[in-house]
Amino acid sequence: MQTNYIIRGFGHYAPERVLTNADLEKIVDTTDEWITSRTGIKQRHIVAEGESASDMAAQAARQALAEAGMEPAELTHIVVATFTPDSMIPSTACVLQSKLGISGQMCVDVSAACSGFLYALQTARGYLALEPEAKVLVVAAEVISRRTNWDDRATCVLFGDAAGAVVLTGGGEDERPRLLDMMLAADGSLGDLLTVHGGGSAYAYKMGEPVGPEYFVQMQGRETFKHAVRNMTSICEALLERHGVGKSEIDVLLPHQANWRIIDAVGRKFEIPPEKVFANIDRYANTSAASIPVALSEAVKTGFIKPGDLVLLTSFGGGFTWGSALVRF
Ligand SMILES: CC(C)(COP(=O)(O)OP(=O)(O)OC[C@H]1O[C@@H](n2cnc3c(N)ncnc32)[C@H](O)[C@@H]1OP(=O)(O)O)[C@@H](O)C(=O)NCCC(=O)NCCS
Numbered sequence: 349m350q351t352n353y354i355i356r357g358f359g360h361y362a363p364e365r366v367l368t369n370a371d372l373e374k375i376v377d378t379t380d381e382w383i384t385s386r387t388g389i390k391q392r393h394i395v396a397e398g399e400s401a402s403d404m405a406a407q408a409a410r411q412a413l414a415e416a417g418m419e420p421a422e423l424t425h426i427v428v429a430t431f432t433p434d435s436m437i438p439s440t441a442c443v444l445q446s447k448l449g450i451s452g453q454m455c456v457d458v459s460a461a462c463s464g465f466l467y468a469l470q471t472a473r474g475y476l477a478l479e480p481e482a483k484v485l486v487v488a489a490e491v492i493s494r495r496t497n498w499d500d501r502a503t504c505v506l507f508g509d510a511a512g513a514v515v516l517t518g519g520g521e522d523e524r525p526r527l528l529d530m531m532l533a534a535d536g537s538l539g540d541l542l543t544v545h546g547g548g549s550a551y552a553y554k555m556g557e558p559v560g561p562e563y564f565v566q567m568q569g570r571e572t573f574k575h576a577v578r579n580m581t582s583i584c585e586a587l588l589e590r591h592g593v594g595k596s597e598i599d600v601l602l603p604h605q606a607n608w609r610i611i612d613a614v615g616r617k618f619e620i621p622p623e624k625v626f627a628n629i630d631r632y633a634n635t636s637a638a639s640i641p642v643a644l645s646e647a648v649k650t651g652f653i654k655p656g657d658l659v660l661l662t663s664f665g666g667g668f669t670w671g672s673a674l675v676r677f
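For the sequence shown, the positions run 349 to 677 when our numbering is used.
Right, here's the structure in full:
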């Protein structure tokens, strides 16, 4: 069975258009000061008309494949994490496959909201465990701007659009970056705290009916915040314990980018100094599943993560879902 999981390349993409907090002040009753102090967000990227999750996924995927020195045709599996797929059918993974100009690979979408990338990565590990020669493209792509209620100031300031990608394959003991271990969890009883109900089969609607707020992200922010800090902390502690790693051995903490205060709180719990905590939430806002692969790709390309670093990833999202992962660079 394959036990070495090597990340061969990183890619990320964000749409050209930028919406600043000042722009939002013109749309809803908010201020740059409120958004910055409560979240750390200064701006977010928004897709162009006609641009979709699969378009962004293709950009990020091509970058990751180029970095991995691989042709798309070498892939055996494509896994896309998204809660904003291009359509219900076909899956965004299938659309992406077609946009990459390839066919034959197994293609599947994973739905775990903001934890989607870590869930997709675990799915990829599963495929590799079954097929040691597998070469798995793992992409997360979100067009949250099309699932945003632009009249709801409590949510519309929080999100942005982006995509991130990695290629996961097997490899030798000494190859890096190596995905050492992961843990994932969920608590479906808390699902109603963060939802997009509209369009789902449990919520019947008829042709011609107006689209209501339930078609967009609805969130109880304060409750979500508490669960996010608690669960990210506990699953990181559990992973470190299972892996026999002390807090002081972590070189970089790279958490899901939902809110600077959440990132900061998790960093403090692990006594990781702010200069070792990667954050790009000021420029991207919360891009849900895309946030970790975008951050990873940026952190690698800018040298924030260096060869030899032990990196702790952690996520939290709707479901609720959460997870942690350890990567040795
Ligand atoms: C959303 C979040 C930033 C709100 O911060 P908060 O301190 O909890 O603020 P509240 O929602 O309690 O609102 C406080 C006040 O600000 C107001 N407010 C909400 N959004 C606002 C905005 N964009 N601009 C100005 N005021 C706003 C509220 O109406 C409320 O006013 P009131 O006290 O007069 O009723 C915060 O709860 C959060 O980040 N939650 C987690 C989000 C998250 O991580 N989600 C994704 C998980 S993956």
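Every residue, glycine too, gets a C-beta built ideally from N, C-alpha and C. Please read all numbers here as calculations on a predicted model, not as lab measurements.
Asked	Found
Is Trp382 a contact residue of ligand 1, with contact defined as CB to any heavy atom under 7 Å?	yes
Smallest Cα separation from Asn634: which of Thr669, Ala606 and Lys654?	Ala606
On the three-pair Cβ rule with 8 Å, is the stretch 529-536 touching the stretch 509-521?	no
Near Ala468, which residues of its chain fall below 6 Å by C-beta distance, leaving aside the five closest residues on each side in sequence?	Val427, Ala429, Val458 and Val486
Please name the residue in Arg676, Asp377, Phe573 and Gly357 whose C-alpha comes closest to that of Leu542.	Phe573
Given this structure, state the Cα-to-Cα distance separating Glu557 from Glu623, to the nearest angstrom.	51 Å
Taking the runs of the beta strand (DSSP E) that are 3 residues or longer, which of them lie wholly in the stretch 515-593?	526-534
Where does Trp670 land, buried or exposed, given buried means 16+ other C-beta within 10 angstroms?	buried
Where Arg356 and Met555 are concerned, what is the direct C-alpha to C-alpha distance, given to the nearest angstrom?	46 Å
Return the CA-CA distance between Gln470 and Ser636, expressed in angstroms with no decimal places.	17 Å
Please identify the residue among Val456, Asp522 and Arg590 whose C-alpha is closest to the C-alpha of Pro433.	Val456
Using the three-state DSSP reduction, which class does Asn369 fall into: helix, strand or coil?	helix
Indicate, with yes or no, if ligand 1 has a heavy atom lying under 7 Å from the CB of Val505.	yes
Residue ranges of each alpha helix (DSSP H) run of no fewer than 4 residues wholly in the stretch 481-512, ordered along the chain?	501-504
Give me the Cβ distance between Val484 and Thr424, rounded to the nearest whole Å; I'm assuming they're in contact under 8 Å.	7 Å
Can you find a heavy atom of ligand 1 that lies under 7 Å from the Cβ of Met580?	no
Alpha carbon to alpha carbon, how far is Arg365 from Val395?	7 Å
Hey, which unbroken runs of the beta strand (DSSP E) at 3 residues or more fall wholly within the stretch 422-472?	425-429 and 454-458
Which of the three DSSP states, helix, strand or coil, is assigned to Gln411?	helix
For His360, which beta-bridge partners are listed by DSSP?	Gly512
I need the DSSP call for Ser400, collapsed to helix, strand or coil.	coil
Would you kindly check if the distance between the Cβ of Met530 and the Cβ of Leu466 is under 8 Å?	yes
Among residues of its own chain, excluding the 5 on either side of Tyr551, which ones have a beta-carbon nearer than 8 Å to its beta-carbon?	His545 and Glu562
Helix or strand or just coil, what does DSSP make of Pro621?	coil
In the DSSP assignment, what are the bridge partners of Leu658?	Arg676
Considering only C-alpha positions, which residue in the set Thr351, Val376 and Asp380 is nearest to Asp630?	Asp380
Indicate the three-state DSSP secondary structure (helix, strand or coil) for Val600 in the structure shown.	strand
Confirm the yes/no value for this check: CB of Cys462, any heavy atom of ligand 1, distance under 7 Å.	yes
Starting from the C-beta of Val648, find all residues in its chain whose C-beta is less than 7 Å away, skip the five residues before and the five after it, and write them out in chain order.	Phe358
Check whether the stretch 574-584 and the stretch 662-669 are in contact - that is, three or more C-beta pairs closer than 8 Å.	yes
Verify whether the separation of the beta carbon atoms of Met404 and Asp509 is less than 8 Å.	yes
Starting from Ile375, trace the alpha helix (DSSP H) both ways and give me its first and last residue.	Segment: none, Ile375 is in no alpha helix (DSSP H) and carries neither H nor E.
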